[in-house]
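Throughout, the working numbering is defined as the position within the sequence shown, counted from one, plus 1110.
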Amino acid sequence: MGAYLSVPSWWRNLDGRYRLELGQCPDCGAHTFPAEGACVECNSTADFETVEPEGTGEVVAGTTITGGAPPEFADLQTQEGSFGVAVVELDEGARVPGMLTDCDPTTVERGDRVEAVVRRIYEQEGIVRYGVKFRPMD
Ligand SMILES: [Zn+2]
């Protein structure tokens, strides 16, 4: 079976910038993404406590991009055709935008459970940029 790493362990060991770090409001406890600015719940500007989410959540809105992607996504679109994007409400409550992966984006619906995974997003100036995408959970 080789070096199996469970998804939660793998997720916890990722570099911080790939973990969708959330800001937890010290006044009301709500989570904001990204962890900067004012609290989405109570508008408090007190310093956030950084929190790492589990990386799971639910699709609250989504669409499929079939053309007219920004230039950095042009190659992706050429290789893979249409791609899905969604706003995911993490189980911690913060809403995060991201691309969908490992699925036919037209089948992803509001309310579907998804988990965050790190994937190649695009290549620019010879450097591959990675980021978080969401894939449907069984
Ligand atoms: Zn708050």
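In this text, a Cβ means the ideal position worked out from N, Cα and C, and glycines have one as well.
In this text the structure is predicted, and so the values were computed from the model without any measurement.
At a threshold of 8 angstroms, E1151 counts as near ligand 1, since its beta carbon sits closer than that to one of the ligand's heavy atoms. Straight across, the Cα-Cα distance linking D1185 with G1178 is about 12 angstroms.
According to the DSSP assignment, L1186 belongs to the alpha helix (DSSP H) that extends over A1184 to E1190. Secondary structure note for P1207: its beta strand (DSSP E) is the uninterrupted segment R1205 to L1210.
In this structure, E1131 sits near A1145, with a CB-CB distance shorter than 9 angstroms. The beta carbon of E1233 lies closer than 8 angstroms to those of D1185 and R1239 in the same chain, with the five residues before and after it left out. Each residue's CA atom was taken as its position, placing T1173 and P1207 some 11 angstroms apart. Boundaries of the beta strand (DSSP E) around L1200: F1193 to L1200. Of the residues T1160, T1142, A1171 and C1135, the one whose Cα lies closest to the Cα of R1223 is A1171.
Out of E1182, A1140 and T1160, the CA that lies nearest to the CA of C1152 is found in A1140.
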